[in-house]
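Numbering (our numbering), first residue to last: 40 to 586.
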């Protein structure tokens, strides 16, 4: 009992220490200014769109009504919603959009230290190896790339959740307990909601890890249940995002990856830059890092020692090797064959997996290292990481700038529907226009998802709502559904419809398409099933044990 209390005390002391260390490296976020980054401005503009959609009563949040020069955009269907979900209550209590962004990205960075520590602690049962592993993972160069260069809040959030999914797969592999299944499933669902690319990249690893660690059928069943539960919880997001992407220009840019392969030596080390291109001077540096690679090489000595974790070490070495090869130009034929890889656009995104696997390998090896060597590694990694604190400050912008943002927040029109002429470049003169016939319009309500107005037609009318059409939009004339035409040669991709002569109440409403409604029902049903799992926990655990 005393030993258990000591371990618990050590656990909380170590978590406190990890938070203190991580806070040193988020000090630049405490500035009253903002900082220049690749995606920060666009992401915060999406945050503004989330707030507006939420205020307009959308749930789930799907349509950004004021983006794309107020013609609207389906961007929220495809952009990972978890950061936006956290944003809404913070902004509601008066925190600015920029400061909310800083809080979320800073918290994600700090969480990566703690989550990795908790998993490695469960895995190796060594406090110091887990503590140092948490610091090594938190200070991975790729995390700084997302933090201060790309402003990749969603990817950093996802990478901070990954260790927690492994933690509950590990726990579920050792003991029949539905609490682990529920917690792991919820976390895997949150991972998918935080960044679909990161979650898809790690899913095969989760699957393989479940079989590796599962000592019996019950353990494997529980681990696989975690993944199934997470998929169903997050179905409202990933199912429409995958299926309805066919309506957008996303596929036009799947060959971008060919120009984004870094050289091997850039993975080892490259000068820390802020440019968008990995292979240009002063470009971004998606390095695994010389420190991590050096420690991985030394950790290979682990293979020559008799140890119960050797199989685990080999597993993670294979993950490290394969993921590193996928980042390099030599893997081009694989990228050409696998459609999902093309959608990543940037091969160097897989550095997140390589860095993760590298730190796992080092953490496994650290159990057999003396304290002096551990302290030397800690000092070296802290000193090496100071260089990543370079930040280019820019004046802070008010919330109104982001709420009135005109672009789609995508650089290559990936979220633009294929039936449009592309993104718009100017605001419409009017929200609603009569393009054929004689009559007048009186608008009474306009939200992102509801446009309500009356028309008085001296003749039959053709009406234009200057809103991009996407599945889910419908027009009601006096409560009756009216066909939408969105291929008018002069108003390509915009909502047009016909109204008979006379006075009519018009409602143009954005709701769930049949597919999105089906996906919503899957997620809601899964949440109800979780409630049942909690109620019937003991009975179900007995059934699993008999399995």
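Idealized CB from N, CA, C, for every residue including glycine. Source: prediction; values computed, not measured.
- Nearest to residue 340 by alpha-carbon distance, out of 365, 401, 315 and 375, is 401.
- Judged by their CB atoms, residue 331 and residue 408 are not nearer to each other than the 8 Å cut-off.
- In terms of Cβ geometry, residue 391 and residue 181 form a close pair [threshold 8 Å].
- Between residue 502 and residue 459, the CB-CB gap reaches or exceeds 8 Å.
- Residue 528 sits in coil when the DSSP states are folded into three classes, being neither helix nor strand.
- Residue 321 and residue 393 have their C-alpha atoms some 23 Å from each other.
- Partner residues in the beta bridge of residue 504, as assigned by DSSP, are 471 and 534.
- Contact between residue 222 and residue 262 does not hold, since the beta-carbon distance rounds to 13 Å and is not under 8 Å.
- Between the segment 233-251 and the segment 264-277, the count of Cβ pairs shorter than 8 Å is three or higher; the stretches touch.
- A buried status is given to residue 325, since no fewer than 16 other beta-carbon atoms sit within 10 Å of its beta-carbon.
- Exposed is the label assigned to residue 422, since fewer than 16 other Cβ atoms lie within 10 Å of its Cβ.
- The three-state secondary structure of residue 432, taken from DSSP, is strand.
- In the DSSP assignment, residue 335 is bridged to no other residue.
- Residue 305 is classed as buried because its beta carbon has at least 16 other beta carbons within 10 Å across all chains shown.
- Under the DSSP assignment, residue 77 falls outside any alpha helix (DSSP H); it carries neither an H nor an E label.
- Taking C-beta separations shorter than 8 Å and ignoring five residues to either side along the sequence, the partners of residue 114 in its chain run 85, 88, 103, 106, 447, 448, 449 and 454, following chain order.
- The residues 183, in chain order, have a CB closer than 6 Å to that of residue 427 in the same chain once the five nearest residues on each side in sequence are set aside.
- Residue 206 and residue 157 do touch by the CB rule: their CB atoms are close to 6 Å apart, below 8 Å.
- The beta carbon of residue 579 sits closer than 8 Å to those of 217 and 572, all from its chain and outside the five residues before and after it, given in chain order.
- Residue 145 is positioned such that its CB atom lies closer than 8 Å to that of residue 65.
- Taking the Cα positions, residue 265 is about 10 Å away from residue 245.
- If you draw a straight line from the Cα of residue 281 to the Cα of residue 386, it is about 20 Å long.
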